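Remarks on the structure that follows.
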Amino acid sequence: MNMNDPLGDMLTRIRNAQLRGKSTVRTPASKLRAWVLDVLKAEGYIRGYEEVTTEEGHNELEIGLKYHDGTPVIRELSRVSKPGRRVYAGSKEIPQVRQGLGVSIVSTPKGVMSDAAARNANVGGEVLCTVF
Numbered sequence: 768m769n770m771n772d773p774l775g776d777m778l779t780r781i782r783n784a785q786l787r788g789k790s791t792v793r794t795p796a797s798k799l800r801a802w803v804l805d806v807l808k809a810e811g812y813i814r815g816y817e818e819v820t821t822e823e824g825h826n827e828l829e830i831g832l833k834y835h836d837g838t839p840v841i842r843e844l845s846r847v848s849k850p851g852r853r854v855y856a857g858s859k860e861i862p863q864v865r866q867g868l869g870v871s872i873v874s875t876p877k878g879v880m881s882d883a884a885a886r887n888a889n890v891g892g893e894v895l896c897t898v899f
């Protein structure tokens, strides 16, 4: 499988697992993925995640998905900045998702954070994805 966009792959795995009503989903481990998951957890979109090692010795992140009355808490998860078209925003231009109901996840020089945290820290960066 060609992996040009590991983060996009993880987001797709989360979407697909939720469509099937799965309680957990696994994705290959990477620092960037873990950082994005940290924001999702802090914002209350996932139960959490833990690093597990497969029988082949690969590290994977097992993500605990969150549902409310049987409906996935994450209604929409979309990649903004793609390998072919990177999207950057200054602290003032970071997009708000659904008038602030959703969250943009931004990779800044100070780490991966939510749009609100980036605006508070007055840093811009690459807009990785949006969650609603």
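Residue numbering for the sequence shown follows the working numbering, starting at 768 and increasing by one per position. Virtual Cβ for every residue (Gly too), placed ideally from N, Cα, C. In this text, all values refer to a predicted model and were calculated from it rather than measured experimentally.
Quick check: A796 and E827, are their CB atoms within less than 7 Å of each other? yes
Check whether the region 850-867 and the region 806-826 are in contact - that is, three or more C-beta pairs closer than 8 Å. By the Cβ rule, the region 850-867 does not count as touching the region 806-826, because fewer than three pairs are nearer than 8 Å.
By Cβ distance, which residues of its chain are closer than 6 Å to A809, with the 5 residues on each side in sequence left out? Scanning its chain for C-beta atoms nearer than 6 Å, with the 5 sequence neighbours on each side dropped, one finds no residue around A809.
Residues near V804 in its chain [Cβ-Cβ closer than 7 Å; skip 5 each side]: Looking at the sequence itself, residue 804 is Leu, so the reference to Val does not match. Once the five neighbours on either side are set aside, the close Cβ partners of L804 are I813, Y816, L828, I830.
Close beta carbons around V894, own chain, < 6 Å, minus the five adjacent residues each side: Excluding sequence neighbours, V894 sits near V847, S848, V854, A856, S871, V873.
Enumerate, from N- to C-terminal direction, the unbroken beta strand (DSSP E) stretches of 3 or more residues contained entirely within the region 786-825. 791-795, 813-820
Residue range of the beta strand (DSSP E) that R846 falls in? 844-846
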